[in-house]
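Okay, structure first, notes after.
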Amino acid sequence: MGRKAGEQRARVTTALDHLRQQIGLALGAARNARETAEYELARLQLEQLVVRTGFERAAHDPQIAERANDPAMAEVLSWLRSVRSEFYREWADGPNRLRELVAASAPGPAGRPPGDWLGRVGSSPGVSAPQLWRIGTSTVDGSAAGRTPGTELTFDVAVPLLDESHLAITSAPNTRPAVDAIVENLLMRVLSTFEPGAVKIHLWDVGQLTAVLPSFYALSRTSAVTVHDPTRLVDLLDEFAGHIRRIHSHTMQAGFPSLRALRTATGKRAEPWRIAVLYGNGEDLHPEQIRDLKRVASGALDAGISLILVDVPTVLGGSVETISMLGERHALTSMTGSDLVVTLDPPLPSGQVTTAAGRIAEALVAKQGGPRSFADLLPTEYGRESSARELRAPVGFFEGEPVEVVIGDATPHALIGGPSGSGKTNFLYALLGSLTARYSPDELALYLLDFKEGVSFAGLAPGRKDESWLPHARLVGVNVNTDREFGLALLRFLADELRRRSAAAKDHEVTNLAELREQDPGGHWPRIVAVIDEFQYLFAERDTVTSLATSLLEDLARRGRSQGIHLILASQDIAGIDAFWGKPAVFEQCTLRIAMPKARRVLAETNQAAVTAPKWHAVVNHDSGIAHGNQLAHVPDASGKGVFPALQRELWQAYAGHGQPRLFDGAHAPALEESAAFTSLAPAERPRALVGQSIDVADTAHSVELSASPGRNLAVLGTSAKEALSILDSATRSLARQYRQGDVEFVLCCLVDRCLPAVRELTDRLVAEGHKAGLIAADDLTEVVTTSAAALADLDTPRILVLYGVDAALPALEHKEPGKQSGLDHLRTLLKQGPGRGLHVLGWWRGVARLKDTLGFAGTDDIGAWAALDVQGNELAPFCAGQVVHWSPRQDRALFFDRTTHSSPEVIIPFHRTEPSDD
């Protein structure tokens, strides 16, 4: 028992000894690891202290000297010395390379001495900018570069600006003049590099209302330099924030991440650079101002904005270089590090700066010049641009720089507004001229429509005084004051074209016009621009036209962009278009807004730029009217006498192979002889009687086919003799052209005395053309219809019975002898059975009720087509399959319905019939 207990005690003792041994080993290892870590930490702290202090000054630093006395730390200094020596061996030619780098990155005024450039006006167009801008020099000990100790090597010091970086300057006591000299030096170098207008400078000083950089006073009277209110920093930051949003929207829509990338790709400077110099006083800005400043700084460089902050204590986003003043002539910079002191360039001579600023200001004023002319909008060579991606054209100038309008996928449709006399028509001419000069008719097709008795576009089609036309125009509609149906027809045409292009895109498996043109290079796919001036009149009534037009316009606005169909809607006032209430899609798609002076509701509600816009100017906005997208443009005179016609004639001669546009003039009825529908007629088995010009994009006419089907008769309804004579005249003459001589017989009867000369003239014309035609007296009508009805079964030659004022003959026709049918009965027989036998009636009744009396109880089927003049729509329902007819009499217009071809009546324009009063 005792032996066993002893063995257990021995084992426990052995285990404890082993544990103590292991713990000792672990503590020793931990102590060694700690000592090693402390040693390494001390080494790192010493390295950091030496680097921060500078190797040259480290030998005289007591803290470093105390640590260096430790033998363990001596090797740190030795190692740093070897690293430094190795570095400077590689940097033996460092100063020379720095000089070469600055010379290459800061060419011309950016890096040259002031004597080489101060007082000269810059000439660079501003497509690219120097990367560095000189501010002074710095020196290093030559021993570090393998030279004799004490030898000083000097190199140039420059800082990035413009697209590269912002700049923050921190002053020292009594160094404000030196800071001003740095800023003035940088700004003059920039201004002397680029052509006038390529750079805009904004000055803000929290402590001064004026006298910020007084040598720039001459420039402050131009757009090159703007001095801002010290109490309104928020306004300046809001202006920049809006500018950044506009630029980013523009560049990203064009497929580029920044303004610099856009310049590089296009080879053009789209916007001037902007440099904002903000002078603070060392105190913190308000939190809201700091927030806005950081927001601006983060996106400024990509938008071509550089900030120079003086004593503004804040940390900016993005790239920022610093200059910390040590005295009037010396500073430390982030470009050279804390070891090297920069000797700043001496201030530019004040008198020379003032003179140079004056010369730049004079050059800027001369460049901007007075009001530009229409010719300044035009390119040197016509028709060189491609519309595959977009349409882009200048419409005016701001401070001598062109202001462009862009129509494409990003800004597909435009809304133009301005009261009478504001220059809206002149702007449209400037836009059309600028576009047509840049794009050929194969790249751009125009459809132009002017409501409310407008003739703005009349000169774009051939006329009596000028035979030329705008070759890009496919359609010109003027004086469309009452013919709202023509606007609807245009929208229908565009909708059909949209479907055609969408089908082609689907076949080629593409989604937009640019891709379609790439896949189908042999196709004809120009961009289509439809300009509708005073478009609100298209929606003036609460009727079917408005309903259909609203639906079509909404669809075109949504889907037209991808297929290259664009709308330009112009109006004096868009505020009261009831049809768009609750349907904002149309206006939302019009992201391009053009506001003439005093325009209402075109821009965003809070954007009042148009209120203060001067005469002959326009506010161009590609951002749906939001204020940050505003661009003010002076619009040259494009509508003056002979201005646009001169361009039109040049284009007409240049594109001689393109046909003339279809001209629709609502104030003039077309002559039958000039109608293509009439002149193209030839003998046919199924003749058609032309009744009037259709209100359509195509130059077509409405007609009635006089086949052997029941009801193939035509009735003209109303008391207007002028239109009734015209319709029957065109119907009869067009039928005559479709029969050979002797193959048809015309029987005419006029029961309205004042119309007898016109009917007699028509009869004589038919006879002169070799047709059998006769004019019967009113008293003979009963006998003629009776004879015709009796011989109907044996009729071997087509016969056209043309009756004027049928209702006047009703008393005579109704006379009935006992046991016999009346003449009215025979007329009804002709109406019912005549078409099947080759006899057709073209008749004029001066009232709907009188036509009903003529037809009796047989119904209305025997009148298959009718043209209504001065009758009300509710009277026509029985002749229109019972549907509600929306029609009120309109001068020189008729409502036409053919039950075999129409689902609803359509408005027509009776052809103009020459009268003695026309001579």
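Residues in the sequence shown are numbered consecutively from 52, following our numbering.
Each residue gets a CB set at the ideal place from its N, CA and C atoms; glycine is no exception.
Keep in mind it's a predicted model, so treat the numbers as computed, not measured.
Query	Result
C-beta atoms of residue 186 and residue 208 nearer than 7 Å	yes
Straight-line gap, residue 364 to residue 341 (C-alpha atoms, nearest Å)	9 Å
Closest Cα partner of residue 562 within the set 309, 748 and 615	615
Residue closest to residue 925, alpha-carbon to alpha-carbon, out of 936, 932 and 343	936
Whole-angstrom distance between residue 684 and residue 660, CA atom to CA atom	12 Å
Close beta carbons around residue 966, own chain, < 6 Å, minus the five adjacent residues each side	none
At least three beta-carbon pairs within less than 8 Å, the segment 206-226 to the segment 349-365	yes
Buried versus exposed, by CB contacts within 10 Å (16 or more), residue 74	exposed
In DSSP terms, what residue 501 is bridged to	584
One or two residues paired with residue 376 in a DSSP bridge	382
Validate contact between the segment 726-738 and the segment 866-873 using beta carbons, cut 8 Å, 3 pairs	no
Pairwise C-alpha distance: residue 863 and residue 831	10 Å
Start and end residues, alpha helix (DSSP H) containing residue 858	Premise fails: residue 858 is in no alpha helix (DSSP H) and is neither H nor E.
Per DSSP, cross-strand counterpart(s) of residue 468	622 and 646
Opening and closing residue of the beta strand (DSSP E) in which residue 972 lies	The question about residue 972 has no answer here: the residues shown for the chain are numbered 52 through 970.
Alpha-carbon to alpha-carbon, residue 167 and residue 489	41 Å
Local conformation of residue 483 per DSSP, three classes	helix
Short Cβ contact (7 Å threshold) for residue 886 with residue 763	yes
Helix, strand or coil at residue 531 [DSSP, three-state]	strand
Residue 640 burial status per 10 Å Cβ neighbour count (16 or more: buried)	buried
8 Å Cβ shell around residue 178 - same chain, five flanking residues per side excluded	314, 315, 318, 319 and 320
Candidates 581, 355, 617 and 637, of which the one nearest residue 602 by Cα	637
Extent of the continuous beta strand (DSSP E) run through residue 895	890-896
Own chain partners of residue 929 with C-beta closer than 6 Å, once the 5 adjacent residues on each side are dropped	911
Complete runs of the beta strand (DSSP E) confined to the segment 280-360 [at least 3 residues]	324-330
Endpoints, the beta strand (DSSP E) within which residue 670 is located	668-672
Of the residues 407, 692 and 713, the one placed nearest residue 526, counting alpha carbons only	713
Contacting residues, own chain, Cβ-Cβ under 7 Å from residue 67 (five flanking each side not counted)	none
Start-to-end residues for the beta strand (DSSP E) that takes in residue 943	First-last for residue 943: undefined, no H or E at that position.
Cβ contact (3+ pairs, closer than 8 Å) linking the segment 429-442 and the segment 403-415	no
Beta-carbon gap between residue 347 and residue 478 smaller than 7 Å	no
Distance between residue 373 and residue 387 (C-alpha atoms, nearest Å)	10 Å
Whole-Å CB distance - residue 480 paired with residue 581, under 8 Å assumed	No, residue 480 and residue 581 are not in contact; Cβ-Cβ is about 16 Å, not under 8 Å.
For residue 748 and residue 23, the rounded distance between their alpha carbons	No answer is possible for residue 23: the residues shown for the chain start at 52 and end at 970.
Rounded separation between residue 795 and residue 746 - CA only	31 Å
Beta-carbon gap between residue 188 and residue 205 smaller than 7 Å	yes
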